[in-house]
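Peer 1:
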Amino acid sequence: MEQQPDDRESFTAWATTRRPRLLRTATFLTGDRGRAEDLVQEALTKVAQRWPRLRDGSPDAYARQILVRDNISWWRRNRLQLVSDVPDPGRTAPGDTGVERRLLLLDALRRLTERQRAVLVLRYFDDLSEAEIALVLGVSAGTVKSTAHLALRRLRELAPELSDLLSLETS
Numbered sequence: 014m015e016q017q018p019d020d021r022e023s024f025t026a027w028a029t030t031r032r033p034r035l036l037r038t039a040t041f042l043t044g045d046r047g048r049a050e051d052l053v054q055e056a057l058t059k060v061a062q063r064w065p066r067l068r069d070g071s072p073d074a075y076a077r078q079i080l081v082r083d084n085i086s087w088w089r090r091n092r093l094q095l096v097s098d099v100p101d102p103g104r105t106a107p108g109d110t111g112v113e114r115r116l117l118l119l120d121a122l123r124r125l126t127e128r129q130r131a132v133l134v135l136r137y138f139d140d141l142s143e144a145e146i147a148l149v150l151g152v153s154a155g156t157v158k159s160t161a162h163l164a165l166r167r168l169r170e171l172a173p174e175l176s177d178l179l180s181l182e183t184s
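In our numbering, the protein residues as written are 14 to 184.
1. Taking C-beta to C-beta, are ALA56 and ILE79 nearer than 8 angstroms?
2. Rounded C-beta distance between THR40 and ARG34? I'm assuming under 8 angstroms.
3. If we count Cβ pairs, one from each stretch, closer than 8 angstroms, do we get three or more for the segment 134-147 versus the segment 58-67?
4. Let me know the secondary structure DSSP gives THR156 once reduced to three states.
5. Which residues mark the beginning and the end of the alpha helix (DSSP H) in which ASP139 is found?
6. Within 8 angstroms (strictly less), CB to CB, does LEU119 reach chain D?
7. Compute the Euclidean distance between the alpha carbons of ARG32 and ARG130, then round it to the nearest angstrom.
8. Please look up how many angstroms separate the CB atoms of GLU174 and LEU117, rounded, as I've assumed it's under 8 angstroms.
9. With distances taken Cα to Cα, identify the nearest neighbour of ALA28 among ARG77, ARG48, LEU42, THR43.
10. Short check: CB of ARG125 to CB of ARG167, under 8 angstroms?
Pasting the structure below:
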């Protein structure tokens, strides 16, 4: 189905405003800016193909669902080849605690399961409700709650240096 000119304009407007947030979400999901950009491009392509049906519905939720599912698929295909490419936090400039904290957080997130990472990113970085996360991931709200609880506990174990940041509680 070919898009009409007004479809193209409305998709372009939507994609322009949403791309930065989708890229941030994808970066936290993957821990890799290049792969995140690829994920976002693929998600935008898939949304564009379905824009006439999505534009009056929930294109944001559909795009996030694509990000999460495509990232999990990539991870499953490549899990045996993965190596840690997070820079050593000790190499950052002295006193640059913002950079150090971000690197610690990204490293800790990378060491969670794909589902745990997705739940935390969607909940605490995208501010989605448990019900919205459940729809994106195709699981129950109870599964989202328990996954978030376990993931936060695991993050506290992996990065005790971030205890003030990780004092988050699932609601």
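Just so it is clear, CB atoms sit at the ideal spot from N, CA and C, and this is done for glycine as well.
Peer 2: On the basis of the data shown:
1. yes
2. Not quite, the Cβ-Cβ distance comes to about 11 angstroms (not below 8 angstroms), so this is no contact.
3. no
4. helix
5. Segment: none, ASP139 is in no alpha helix (DSSP H) and carries neither H nor E.
6. Here chain D cannot be found, since the structure has a single protein chain.
7. 20 angstroms
8. 6 angstroms
9. ARG77
10. According to the sequence shown, residue 125 is Leu rather than Arg. Yes.
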